[in-house]
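Reading through the structure tokens given below for one structure.
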Amino acid sequence: MRPVFRAVYGTPMRLEPLVPVDGALPAGALAGITALHASNAAFHRLTGDFPDPDAIRPEQVEAGLVAEFAQPSAEVLLVRADEDATPPLSGLVCLLHEHPDPFDPYPWIGLLVVHGDLHGRGYGGRAAGLVEDRLRAAGRDGVRLAVLDGNDHALGFWTHRGYRVIDRRADRQAGRPCRVLHKELGRVVKRSPAARRAVPRGVGGTPRRSSGGACDRKAEGGERSGLRRRPTTQRARVPDPAGQARF
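Heads up: the sequence shown is residues 1 to 247, going by UniProt numbering.
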């Protein structure tokens, strides 16, 4: 495993809900989110979300967040590493827990964006994993998102994580052509203390892994999966997502 992966995956990471106070964002949040978007100018040239991706202004970012919070089931999550991390805001996630289409029962990841200074270092994969864990813990058994046509890096990132293309259609925000992706999350199975004690033990008292016990870590440059291990350099080339379409 390359040293950069050891460093990144040993760093604590958390999702912190962004909650407006009296209709305003917490102090410092807007500046951090503006810097985050400004570091992803190439992505925003693709999306057209900002008039000038090379000069994104705080009031433009604030207007976008106001529109996000106007959706009843929307949740905005700040991706943070340790307290002394640089940049202080590692990423941003926008979730839609209930899609406007009543026949669509799944939550949607409307946006996952990682600070440009952190691209290619595994932050996107860890953030996506935390989002999936959050949804799984809430009892959701699947999740969807949309990737803009032409955003091949994001498409590669999500398909590497087990998402599959199920449809092609225009997004609801601006009519942009997209691929719709879906991933089954499965259910969280909580074992009783007695069941945990019954897990076979290996040498030194550590739990013995099954052949597929680390499958979920393969997208993060993890250890073993049930399949033949691929070279680390091949996994390391999987890009972080700049984001995807609002849908």
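C-beta: ideal position from N, C-alpha, C; glycine also.
Bounds of the alpha helix (DSSP H) holding residue 125 are 123 to 137. When the Cα atoms are used, residue 57 and residue 114 turn out to be separated by approximately 18 Å. In the same chain as residue 76, and ignoring 5 residues on each side of it, the C-beta atoms closer than 8 Å to its own belong to 17, 18, 65, 68, 69, 92, 93, 94 and 95, in chain order. For the set 153, 178, 174 and 162, the Cα lying nearest the Cα of residue 168 is the one of 178. With a cutoff of 7 Å on beta-carbon distance, residue 108 and residue 148 are scored as not near each other. Taking a contact as a CB-CB distance under 8 Å, the pair residue 185 and residue 124 does not count as one, their CB atoms being some 18 Å apart. A residue is called buried when at least 16 other Cβ atoms come within 10 angstroms of its Cβ; residue 42 does not meet this threshold and is exposed. DSSP assignment within the UniProt domain "N-acetyltransferase" (41 to 186) yields the following whole beta strand (DSSP E) runs of 3 residues or more, N-terminal first: 74 to 80, 91 to 96, 108 to 114, 142 to 148, 164 to 170 and 177 to 184. Taking 7 Å as the cut-off, the beta carbon of residue 82 is found closer than this to the beta carbon of residue 12. In the displayed model, residue 30 falls within a helix according to three-state DSSP.
The continuous beta strand (DSSP E) containing residue 17 extends over residues 14 to 17.
Residue 47 and residue 162 have their C-alpha atoms spaced approximately 24 Å apart. Contact between residue 164 and residue 182 holds, since their C-beta atoms are separated by about 6 Å, short of 8 Å. Cβ-Cβ separation between residue 73 and residue 44: approximately 25 Å, too far for a contact (criterion under 8 Å). Spanning the alpha carbons of residue 14 and residue 35 requires a straight line of approximately 19 Å. A buried status is given to residue 157, since no fewer than 16 other beta-carbon atoms sit within 10 Å of its beta-carbon.
Residues of the same chain with a CB within less than 7 Å of the CB of residue 88, apart from the 5 flanking positions on each side, are 32 in chain order. Assignment of beta-bridge partners to residue 35 by DSSP yields no partner. In the same chain as residue 54, and ignoring 5 residues on each side of it, the C-beta atoms closer than 7 Å to its own belong to 41, in chain order.
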